[in-house]
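Numbering (my numbering), first residue to last: 29 to 580. Cβ coordinates follow ideal geometry from the N, Cα and C atoms, glycine included. Working notes, structure below.
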RNA sequence: GUGCCCGUAGCUCAAUGGAUAGAGCAUCAGCCUUCUAAGCUGAGGGUUACUGGUUCGAGUCCAGUCGGGCGCACCA
């Protein structure tokens, strides 16, 4: 709808010779008595023009030219707001539009011809996925879906490292448990992975090889099988939540040099050195971030000769630029908050357009059962597994709960609520609206010979004019703006909230307006309105990755 | 100590710098001989942690104070 008003207001401003560098904003007033849409442009422009805002607003109104039958009233209100009221005809014509566009309703073309990369999950294969990772995974998946609706060619990437020290410790952990399984006396180090899954991996190796590896002091074989087993378990968990990736980027690539070219890591060092940001002291190679006003320099190459995680991270991001992505989105948890500023700084120094990079950081998750907060303990590997949560509440609830709060807020995952089958549980509330419409349509098709595909009858929608019907119709035409807002803010939570209010409006409509029992033309019109509502619910569910059940 | 996030109804959370701060749960009062009551309608409930500032206008922006979370490795 914003696109509907924008050009008209722009034209009016220029006709009235009003110049302002403020962007034209439209919004939906909180109260319907202020219209369906309003703009504050007169308030914003008044200062620059040194004019009275209300007077300015009247002048703008005089130059507004809308297509016929779209706007029923325009008024100046308050300090200088311009409020617009849509005609019922306009609203219901837009509902016809929903039916015509179907699955593609809400899609845009701002991203056409552009590539976007969204990186999420990116857990190293050191253990099963935790609940915290799940939140980021679902967030990333939804953001990727949002980009796709705007025509971006989206790559969903998983970045991992199977070579570092943590993996070494993983291999050793498995070896210890294996030796234990073989009956050897061992002392399991406190620094190593305590999780039960380590025993399971050791067990499966033992089952396959017996004690033949007991004299093997090389951990490689233990590491390899651990990685394999863990990675497949991670992928299985992600699959349960319909979280997909189409690219797995192994950090190892960044270490490989060819005859002609240095490794990506070395290339970064060279380039930063040429820019004067590399220093060598204490036996290590440093990124001189103190030159940028930071308190400490950051190690890029440790005194052992191995790169620290920062170096490959920079090199990795360069590949994203080299792969020509115009939008680069990284999703990660609050514990990595300090990670990206250095990467951004380095990229800036190397001349990359860091404006293309967006970082979505999600805060932590705590789970509560019966009002009791469960303490998470990753080290012990208990009570924090994503798989257990999915077992408990199901995939739909898991996904929706992860994104129904703003990513900046700590998430309180109420396990009892997620299992409840009533309106308290937002998952059921949303899905119930969809199922209700399906049931209605089934009945209409069977008993009233209603034809959902009868496009020639869509104009019947224009018969509807009650406040409830118009409100529902109005909510439907708001959907495309909702997608854009969610995307701009990298915040699927907006979409959840919108769908919740849409479901609410539908339930109200269902309650107030007889559908099958109304006289034939009205009945059809209401069925079309229901059909359009179902379409928007479905489209929204698809972005959120929540299923749309036909019956419940 | 320091960087980031948060502090809004009893609870869980909303509110692109806009108009009288909104939902849900919980509490109370209503609505099923009628298309799914897994639903709907209504009521009560607030010094937006605190103090200043910027602005025509601040829950939102800035400074400070107090509380909570997460980081602050030659781990990733």
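| query | result |
| --- | --- |
| Test item: CB-CB of residue 18 and residue 331 under 8 angstroms | Outside the shown range of the chain, which is 29 to 580, sits residue 18, and nothing can be said about it. |
| Chain-order list of residues whose beta-carbon lies under 7 angstroms from that of residue 618 (same chain, five-residue window excluded) | Limits of the chain in this structure are 29 at one end and 580 at the other, which puts residue 618 out of reach. |
| Contained alpha helix (DSSP H) runs [length at least 4] in the stretch 499-530, N- to C-terminal order | 507-516 |
| Selected residue, minimal CA-CA separation from residue 566, among 504, 538 and 320 | 504 |
| Inter-residue spacing [alpha-carbon to alpha-carbon] between residue 478 and residue 552 | 7 angstroms |
| Residue(s) in a DSSP beta bridge with residue 184 | 146 |
| Residue 335 to residue 235 span [Cα, whole Å] | 37 angstroms |
| Per-residue DSSP class, three states only, for residue 101 | strand |
| Neighbourhood of residue 325 by C-beta, 7 angstroms cutoff - its chain only, sequence neighbours within 5 removed | 307, 314, 315, 316, 317 and 318 |
| Collapsed DSSP secondary structure at residue 400 in the structure displayed | strand |
| Outcome for residue 202 when other beta-carbon atoms lying within 10 angstroms are tallied against a minimum of 16 | buried |
| Neighbourhood of residue 108 by C-beta, 6 angstroms cutoff - its chain only, sequence neighbours within 5 removed | 70, 71, 81, 82 and 85 |
| Cutoff 7 angstroms; reference residue 440; Cβ partners in own chain excluding five residues on either side | 394 and 396 |
| As assigned by DSSP and simplified to three states, the class of residue 555 | helix |
| Presumed contact (8 angstroms Cβ cut-off) between residue 110 and residue 66, rounded CB distance | 6 angstroms |
| Nonlocal neighbours in the same chain, by C-beta distance under 6 angstroms from residue 405, ignoring five residues either side | For residue 405, the pLDDT reaches just 44, beneath the cut-off of 50, and the residue's location in the model is therefore unreliable, although a value from the coordinates is still provided. Here the set comprises nothing. |
| C-alpha distance - residue 196 paired with residue 206, whole-angstrom precision | 15 angstroms |
| Backbone secondary structure at residue 114 - three-state DSSP | strand |
| Where residue 269 sits in the DSSP three-state scheme | coil |
| Completely contained beta strand (DSSP E) runs for the stretch 420-487, where each covers 3 or more residues | 439-442 |
| Length at least 3, wholly inside the stretch 340-372: the beta strand (DSSP E) runs in chain order | 355-361 |
| Alpha carbon of residue 41 to alpha carbon of residue 88, nearest angstrom | 6 angstroms |
| With 16 other Cβ atoms within 10 Å as the buried cut-off, status of residue 309 | exposed |
| Cβ-Cβ separation, residue 255 to residue 191 (assumed contact under 8 angstroms), whole Å | Wrong, their Cβ atoms sit about 10 angstroms apart, outside the cutoff. |
| Counterpart residues of residue 247 in DSSP-defined beta bridges | Answer is none; residue 247 lacks a bridge partner. |
| Minimum C-alpha distance to residue 257 - residue among 244, 231 and 268 | 231 |
| Boundaries of the alpha helix (DSSP H) in which residue 211 is found, first to last residue | From DSSP, residue 211 is part of no alpha helix (DSSP H); its letter is neither H nor E. |
| Close beta carbons around residue 432, own chain, < 7 angstroms, minus the five adjacent residues each side | 454, 521 and 524 |
| Per-residue burial, residue 285 [other beta carbons within 10 Å of its own, 16 or more giving buried] | exposed |
| Closest Cα partner of residue 164 within the set 293, 363 and 116 | 363 |
| Buried versus exposed call for residue 373 [16 or more other C-beta atoms within 10 Å across all chains shown] | buried |
| Alpha-carbon to alpha-carbon, residue 423 and residue 410 | Confidence is the limiting factor: at residue 410 the pLDDT is only 48, short of 50, which leaves the residue's position unreliable, though a coordinate-based value still follows. Cα to Cα, residue 410 sits roughly 20 angstroms from residue 423. |
| Residue 119, buried or exposed, once every other Cβ within 10 Å from all chains shown has been counted against 16 | buried |
| As assigned by DSSP and simplified to three states, the class of residue 140 | coil |
| Reference residue 217; option with closest CA among 57, 198, 211 and 294 | 198 |
| Touch test, the stretch 113-130 against the stretch 530-546, Cβ-Cβ under 8 angstroms, three pairs minimum | no |
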